[in-house]
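Q: Numbered according to the numbering used here, the sequence shown terminates at residue 482, and the numbering increases by one at each position without gaps. Quick reminder that beta carbons are idealized off the backbone N, C-alpha and C, glycines included. My questions all concern the structure below.
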Amino acid sequence: MKSPVHRCRDVEHGRGQGMAGANCLQAEQRIPISKDVITSSSASAMWFIRDICGIVCAVITWLLLLYAEFVVLFVMLLPSKNLMYSIVNGTLFNILAFLALASHLRAMCTDPGAVPKGNATKEYIESLQLKPGQVVYKCPKCCSIKPDRAHHCSVCKRCIRKMDHHCPWVNNCVGENNQKYFVLFTMYIALISFHALLMVVFHFLYCFEDDWTKCSSFSPPATVILLILLCFEGLLFLIFTSVMFGTQVHSICTDETGIERLKGETGKWGKLPSWEAMQMAFGGPFSLSWCSPFAGLSCKSLSEHVPVPQGEIIEEDVIEIPLN
Numbered sequence: 159m160k161s162p163v164h165r166c167r168d169v170e171h172g173r174g175q176g177m178a179g180a181n182c183l184q185a186e187q188r189i190p191i192s193k194d195v196i197t198s199s200s201a202s203a204m205w206f207i208r209d210i211c212g213i214v215c216a217v218i219t220w221l222l223l224l225y226a227e228f229v230v231l232f233v234m235l236l237p238s239k240n241l242m243y244s245i246v247n248g249t250l251f252n253i254l255a256f257l258a259l260a261s262h263l264r265a266m267c268t269d270p271g272a273v274p275k276g277n278a279t280k281e282y283i284e285s286l287q288l289k290p291g292q293v294v295y296k297c298p299k300c301c302s303i304k305p306d307r308a309h310h311c312s313v314c315k316r317c318i319r320k321m322d323h324h325c326p327w328v329n330n331c332v333g334e335n336n337q338k339y340f341v342l343f344t345m346y347i348a349l350i351s352f353h354a355l356l357m358v359v360f361h362f363l364y365c366f367e368d369d370w371t372k373c374s375s376f377s378p379p380a381t382v383i384l385l386i387l388l389c390f391e392g393l394l395f396l397i398f399t400s401v402m403f404g405t406q407v408h409s410i411c412t413d414e415t416g417i418e419r420l421k422g423e424t425g426k427w428g429k430l431p432s433w434e435a436m437q438m439a440f441g442g443p444f445s446l447s448w449c450s451p452f453a454g455l456s457c458k459s460l461s462e463h464v465p466v467p468q469g470e471i472i473e474e475d476v477i478e479i480p481l482n
């Protein structure tokens, strides 16, 4: 018997088959399959996408945060004569930086809701115990049965449940299981950028009133260059992450992902009320755990030990359960 990978390659040559039938089916016939039925079955204990572009962007994100940390501590806070000012701002900045990096790591290393590869078999469909006349769809690229609202990511090479988009800055898709961590990442980056900008403004005012040689451990030209670069970085990321944060919160409240909006797939499912959708995305009723990147799902795959029924991959992209 061929492996799922070889069987998937064989089917990809005929990925166009069955698409005509898909156009004739109404959207309401698509079967929402619970995430408890179709979950990730990755054998690895940690989710990580081996994409060069994404890895480079993730490393750049950490380096930019380390640069901001360096300028804030060694250019502005440590040379300051006001000890209380340095302690308060240093503590606040480092807490926000730590939460931002933790949120980034959780968003990057959490399974976003991947559907297992190669489960588009007759045996697996029979195990779902669907009703006669119902229709399921197979992804021709990863040979998986697609749950409702799942989309294929060409970078992750998997179908992702409630996929919003693939973000290279976290080297991962933003989906059903890690959207909370992505929202927290954008929120904490926006807060740390705003805080850094405020400190840069106060430091410039302080240096203008005092001797430049006394307001920094570096030379005046070097101090000005470091502060201007930090100001540019903070302003850029404040605007970018604020927009992303607002977009993600809006997507959660409207129960509509970015891909669904682009493809015009609105109204094909029963949308949740805004507050209920927020509770589902953040893991329960409102509490301080909403702001914690350590509360919620673990970095491990959700169901590593869930067996996928073996068998030959079906050729059709649209499968209708026989009436008899």
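1. How far does the alpha helix (DSSP H) with Ile-303 in it reach, from first residue to last?
2. Can you give the beta carbon distance from Cys-300 to His-310, rounded, assuming they're within the 8 Å contact cut?
3. Consult DSSP for Lys-296 and reduce its assignment to one of helix, strand or coil.
4. If you count every other CB in all the chains shown that lies within 10 Å of the CB of Leu-356, and 16 or more means buried, which is it?
5. Since Asn-336 and Pro-270 are thought to touch, with beta carbons under 8 Å apart, how far apart are those beta carbons, to the nearest angstrom?
6. Got a sec, what are the start and stop residues for the alpha helix (DSSP H) Ala-380 sits in?
7. Relative to the alpha-carbon of Lys-315, which residue among Leu-388, Lys-338, Phe-352, Gly-276 has its alpha-carbon at the smallest distance?
8. The alpha helix (DSSP H) that contains Ala-258, what's its start and end?
9. Give me, in chain order, the residues of the same chain whose beta-carbon lies closer than 7 Å to that of Asp-206; leave out the 5 immediate sequence neighbours on both sides.
10. Sorted by chain position, which residues of the same chain lie with C-beta nearer than 7 Å to Tyr-364's C-beta, five sequence neighbours on each side aside?
11. Taking one C-beta from the segment 216–235 and one from the segment 287–300 each time, how about it: are there three or more such pairs within less than 8 Å?
12. Which residue wins for smallest C-alpha separation from Leu-222, given the options Val-341, Pro-378, Leu-384, Arg-419?
13. Provide the residue span of the beta strand (DSSP E) that contains Ile-318, from first to last.
14. For Val-313, does the three-state DSSP call read helix, strand or coil?
15. Leaving out the 5 sequence neighbours to the left and right, which residues in its chain are closer than 6 Å to Glu-470 when beta-carbon positions are compared?
16. Measuring alpha carbon to alpha carbon, tell me which residue in Phe-444, Lys-421, Gly-422, Glu-423 is nearest Ser-432.
A: Quick answer:
1. Numbered from 1 along the sequence shown, position 145 holds the residue referred to as residue 303. Premise fails: Ile-303 lies in the beta strand (DSSP E), 302–304, not in any alpha helix (DSSP H).
2. Within the sequence shown, numbered from 1, the residue matching residue 300 stands at position 142. Within the sequence shown, numbered from 1, the residue matching residue 310 stands at position 152. Their Cβ separation, rounded to whole angstroms, is 6 Å, which keeps Cys-300 and His-310 in contact under 8 Å.
3. Sequence index remark: in the sequence shown, residue 296 carries index 138 (1-based). Of the three classes helix, strand and coil, the one that applies to Lys-296 here is strand, per DSSP.
4. Position 198 of the sequence shown, counted from the first residue, corresponds to residue 356. Exposed, by the Cβ-count rule.
5. Stepping through the sequence shown from its first residue, residue 336 is reached at position 178. Stepping through the sequence shown from its first residue, residue 270 is reached at position 112. Asn-336 to Pro-270, Cβ: 5 Å. Contact.
6. Position 222 of the sequence shown, counting from 1, holds the residue named residue 380. From DSSP, the alpha helix (DSSP H) with Ala-380 extends over 378–412.
7. Counting from 1 along the sequence shown, the entry for residue 315 is found at position 157. Lys-315 has its Cα closest to that of Gly-276, out of Leu-388, Lys-338, Phe-352, Gly-276.
8. Here the question's residue 258 lines up with position 100 in the sequence shown. Start and end: 241–267.
9. Taking the sequence shown and counting its residues from 1, the one referred to as residue 206 is at position 48. First, the amino acid is wrong: residue 206 is Phe here, not Asp. Excluding sequence neighbours, Phe-206 sits near Cys-267.
10. Along the sequence shown, read from residue 1 onward, the residue named residue 364 stands at position 206. Cys-373.
11. no
12. As a position in the sequence shown, residue 222 is number 64, starting the count at 1. The option with the nearest alpha carbon to Leu-222 is Leu-384.
13. Locating residue 318 in the sequence shown gives position 160, where the first residue counts as 1. Here the beta strand (DSSP E) through Ile-318 covers 316–319.
14. As a position in the sequence shown, residue 313 is number 155, starting the count at 1. Coil at Val-313, not helix or strand.
15. In the sequence shown, the residue the question calls residue 470 occupies position 312. So the list is empty, once near-sequence residues are dropped.
16. Position 274 of the sequence shown holds residue 432. The candidate whose alpha carbon is nearest that of Ser-432 is Phe-444.
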